[in-house]
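For the protein sequence lines, the chains are A and B, in the order given.
Residue numbers for the first sequence follow the working numbering, beginning at -16 and rising by one.
Residue numbers for the second sequence follow the working numbering, beginning at 120 and rising by one.
Backbone N, C-alpha and C fix where the C-beta goes; we use that ideal spot for every residue, glycine too.
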Amino acid sequence: MLERRLLIVTGKGGAGRSALSAAAALHAAKHGRQVLAIGMTDATGLGSHLRVPVLGPQPVLVRPGLHALAVDPAAALDEYLRLRLKVPRFGPATRAFRVLAETVPGIRDTVVMGKILFEATRDRWDLVVADAPPTGQVMSYLRAPATIESLVPRGRVKEQASWMRMTLHDPEVTGLMITATPEELPVAETNETLVALAAEGLMEATGVVANRVLPPLAIPPERIAREPAGSRRDAATLHLQVETAQRVHLDRLKPDMRFPLLFGLRTPGEVASRLSELWGDE
Amino acid sequence: MTAIVLVVGAGGVGKTTMAAAIAAAAARDGVNTLVLTVDPARRLADALGLELGNHPTPVPGVDGLAAAMLDAAASWEAIVRTHASGPVADRLVANPLFRAVADRFPSGQAYAAAEEMTTHADSGVWDLVVVDTPPSSGGIDFLASPQRMRALVAGRALRWLTGPKLPGKRAVYSFTARPALRLADAVLGGPLLEDVAEFLLDLRETYDGISKRSRQVETTLRRATAVIVTTADPTPVREMVRFFDELPSWAGRPRAVVFNRALPAAWAHAITDPDDALDANLARWGLEAARQQDIRTEIALRHGLIPIVVPWLPEMPADPAALAAVAEQAGGLDLKSIGLIR
């Protein structure tokens, strides 16, 4: 997962996208790679897991080898127009594009994807980890370059969109990680996303991560049944019931990696640090 | 007057289940209730007898309970057909950009849900409408959607692009925008921007209607009671705090916060023997129970909320009787403590 230049992390809301993005970035940085972590949708989710209160559009150094930023769609649009399309910054075309980006979701999504892919191909970084929108929205981001490519008949925008589509699709460069908790909806959404990705041929390299998996209880049910009523018995019973329910969902998820439920951790920063330590065990 | 409960909270905390639980408990108390869901799990949708569609259908086997599942694209089509003339509405609905805006504009889904809520709340059919809000940003999107919708149809940028509206005539591109359109087209290599401008011009026909209607939606939202659902995990708690920070001044202050997946307080700080397997298991769950308890206390104190505790269940319940039981066992997920029924 961390061997490619770009890792895009998605998953249903609440499945731990930001935590696992931060953990992947921390793990890779600890192993000597120059890493950029990018928050695609908001400035606080990824930031809190990296112990930076709010991320801005410029990369900030989080720890040795790890920078982070949050994409600001407006700033990304300006950058795209200036650097990639060579449009003057305050010219009327810039203004027209802003109107477009405010109105047509595909354009904003393309610009945000463009920013991620542009950073991923810069020599400055060995790895870019993108904390992407949830599974419900991520497809429109992944589709955006192909959509724009088909809408625009010719010219620089089309060339750029075509380059984006191919870079996303290239399994040597880009991987997608979908994280799910072992519950009904997250697993269903993960599988739906995988089916859609395969059907549309958008991405080649995909991996599934199960998050918050209960470690096995390792106490025989007969032993629990003998236990007198009380907290000891209740805690073991709940553990066993949740473990059993999770197993059904894990069978349908077929994850490539598993991360455990972390008991009693109090801050997002602690969660990400602990997950990054566990990354090596996987 | 129809009472309205908005169930808000981060993604993955059990918002849809709690909305269904509140509705099932209300129906059991003889309150004629509609629950408007956004994206229910298959099991819940099946149990409620739901098919995608904005039309309420009675929940099988439960008197006084109906459910509907938001179809944002259909809502938007209805909105456009209400507020634009026939040919313009046809052109808009057929435009590929339309679906993108209806489904993907940040507030598009939220506004569609708010619009459906208003229609049902004003129909006079229901005593109570329970709304499961779209998961975008913990509920704030939902409350802000009427205002954002006005901003979209009346946006400065849109006016700049399309110029003043001429009475009785199809609007034209503004003179200031025209050179920009040509330039942008040169960069884009084609008439995309012009197509978009065309779409916006059509959309603008709906401005007066949507603007007026969105104020009605806002008025209806004012009398809604928000119930926040969260777990004690750091991310949903952070979103909940953000919800309070960004809650518009006109919106009603929530009275209750539902902590889902709660562990018994008795497990916290239990005295345990680390060499005993059952004790060791209780100890790790106890760490989690202690953390949850601290967060509940902090949130209740800081925001003056009634914490309602829903126990951690191995699987979320789906059938109406089990849902009503969740609400009853929660000892306060009933309408009295939420503040709806005196």
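**Report entry** Helix, strand or coil at B/Met137 [DSSP, three-state]
**Finding:** helix
Query - Other residues of its chain near B/Arg289: CB distance less than 8 Å, five sequence neighbours each side excluded - result: In this prediction, B/Arg289 has a pLDDT of 48, which is less than 50 and means its spatial position is unreliable; what the coordinates show is noted afterwards. Within the same chain, B/Arg289 has close Cβ partners Leu320.
Requested in this report: Classify B/Asn400 as helix, strand or coil using the three-state DSSP reduction.
Outcome: Taken through DSSP and simplified to helix, strand or coil, B/Asn400 comes out as helix.
Report task. Indicate whether at least one CB of chain A lies closer than 7 Å to the CB of B/Pro353. Result -> At least one CB of chain A lies nearer than 7 Å to the CB of B/Pro353.
Query raised in the report: When DSSP labels each residue in this structure, what does B/Asp251 get in the three-state scheme?
Result: strand
Query - Below-7 Å beta-carbon distance, A/Glu102 vs any chain B residue - result: no
Requested in this report: For B/Thr156, write down the residues that DSSP places opposite it in a beta bridge.
Outcome: B/Met188
Report task. Look at the Cβ atom of A/Leu38, then the Cβ atom of A/Gly30, and state whether they are nearer than 7 Å. Result -> Yes, the pair counts as a contact, with Cβ atoms nearer than the cut-off.
Query raised in the report: Given B/His388, which residues of its chain have a CB within under 8 Å of its CB, disregarding the five upstream and five downstream residues?
Result: Gly405 and Ala409
Query raised in the report: Who are the near neighbours of B/Met359 in its chain, counting only those whose CB is closer than 8 Å to its CB and skipping five residues on each side?
Result: Cβ-Cβ distances below 8 Å link B/Met359 to Gly128, Ala129, Gly257, Ile347, Thr349, Val376 and Ile418 in the same chain, with the five nearest sequence neighbours on each side left out; the list follows chain order.
Query raised in the report: With 7 Å set as the bound, which would you pick, yes or no: does the beta-carbon of A/Ile161 sit closer than that to a beta-carbon of chain B?
Result: no
Report task. Would you decide whether A/Ala41 is buried or exposed? Buried here means 16 or more other CB atoms lie within 10 Å of its CB. Result -> What sits at residue 41 of chain A in the sequence shown is Gln, not Ala. When all chains shown are included, A/Gln41 counts as exposed.
Report task. For B/Glu234, count neighbouring C-beta atoms within 10 Å of its own C-beta (all shown protein chains included) and say buried if the count is 16 or more, exposed if not. Result -> Result: buried.
**Report entry** Exposure of B/Gln448, with buried meaning 16 or more beta-carbon neighbours within 10 Å
**Finding:** exposed
Query - Alpha-carbon spacing of B/Arg210 relative to B/Asp190, whole angstroms - result: 20 Å
Query raised in the report: In the structure shown, what three-state DSSP assignment does A/Thr104 receive?
Result: coil
Query - Cβ-based contacts, 9 Å cut-off: residues of the segment 22 to 51 of chain A near chain B - result: Flagged, chain order: Asp25, Thr27, Gly28, Ser31 and His32.
Query raised in the report: Between A/Arg206 and A/Ile(-9), what straight-line distance do the alpha-carbon atoms span, to the nearest angstrom?
Result: Cα to Cα, A/Arg206 sits roughly 44 Å from A/Ile(-9).
Query raised in the report: Does the beta carbon of A/Gly(-4) come closer than 7 Å to any beta carbon on chain B?
Result: yes
Query raised in the report: Looking only at C-alpha atoms, which of A/Ala113, A/Glu155, A/Gln143 and A/Ser133 sits nearest to A/Ile161?
Result: A/Ala113
Requested in this report: Quick one: measure Cβ to Cβ for A/Thr270 and B/Pro353, integer angstroms, because I've assumed they're closer than 8 Å.
Outcome: Residue coverage of chain A in this structure runs from -16 to 265, which leaves residue 270 of chain A outside it and unanswerable.
Query - Separation of B/Val150 from B/Ile427, as counted between CA atoms - result: 21 Å
Query raised in the report: Is there contact between the segment 383 to 401 of chain B and the segment 135 to 155 of chain B, where contact requires at least three CB pairs shorter than 8 Å?
Result: Flag = no, the segment 383 to 401 of chain B and the segment 135 to 155 of chain B do not touch.
Query raised in the report: Which residue from A/Ala2, A/Thr(-7) and A/Arg241 puts its Cα closest to that of A/Leu248?
Result: A/Ala2
Requested in this report: On a CA-only basis, which of B/Asp251, B/Asp182, B/Asp327 and B/Asn214 is nearest B/Ala192? Give me that one, please.
Outcome: B/Asn214
Query raised in the report: chain A partners of B/Pro433, CB-CB under 8 Å?
Result: Leu221, Gln224, Val225, Thr227 and Ala228
Query raised in the report: Any Cβ of chain A within less than 7 Å of the Cβ of B/Trp195?
Result: Chain A places no beta carbon closer than 7 Å to that of B/Trp195, leaving this residue out of the contacts.
Query raised in the report: Just how far apart, CA to CA, sit A/Met122 and A/Leu180?
Result: 8 Å
Report task. Find the nearest neighbour of B/Val446 within the set B/Met120, B/Arg147 and B/Arg161, judged by alpha-carbon distance. Result -> The amino acid at residue 446 of chain B is misidentified as Val; the sequence shows Ala. Ranked by Cα distance from B/Ala446, the first of B/Met120, B/Arg147 and B/Arg161 is B/Arg147.
Requested in this report: Please look up how many angstroms separate the CB atoms of A/Gly184 and A/Arg(-13), rounded, as I've assumed it's under 8 Å.
Outcome: Contact between A/Gly184 and A/Arg(-13) is ruled out by a C-beta separation of about 18 Å, above the 8 Å threshold.
Report task. Note down the Cα distance separating B/Ile123 from B/Arg341, rounded to an integer number of angstroms. Result -> 10 Å
Requested in this report: Take every Cβ of the segment 5 to 19 of chain A, pair it with every Cβ of the segment 186 to 199 of chain A, and state whether three or more of those distances are shorter than 8 Å.
Outcome: no
Report task. Determine which residues share a DSSP beta bridge with A/Leu19 and list them. Result -> A/His50 and A/Val111
Query - DSSP state of A/Gly190 mapped onto helix, strand, coil - result: strand
**Report entry** Burial state of B/Gly133 (16 or more Cβ within 10 Å)
**Finding:** buried
**Report entry** Contiguous beta strand (DSSP E) assignments of at least 3 residues, all confined to the segment 355 to 405 of chain B
**Finding:** 375 to 381
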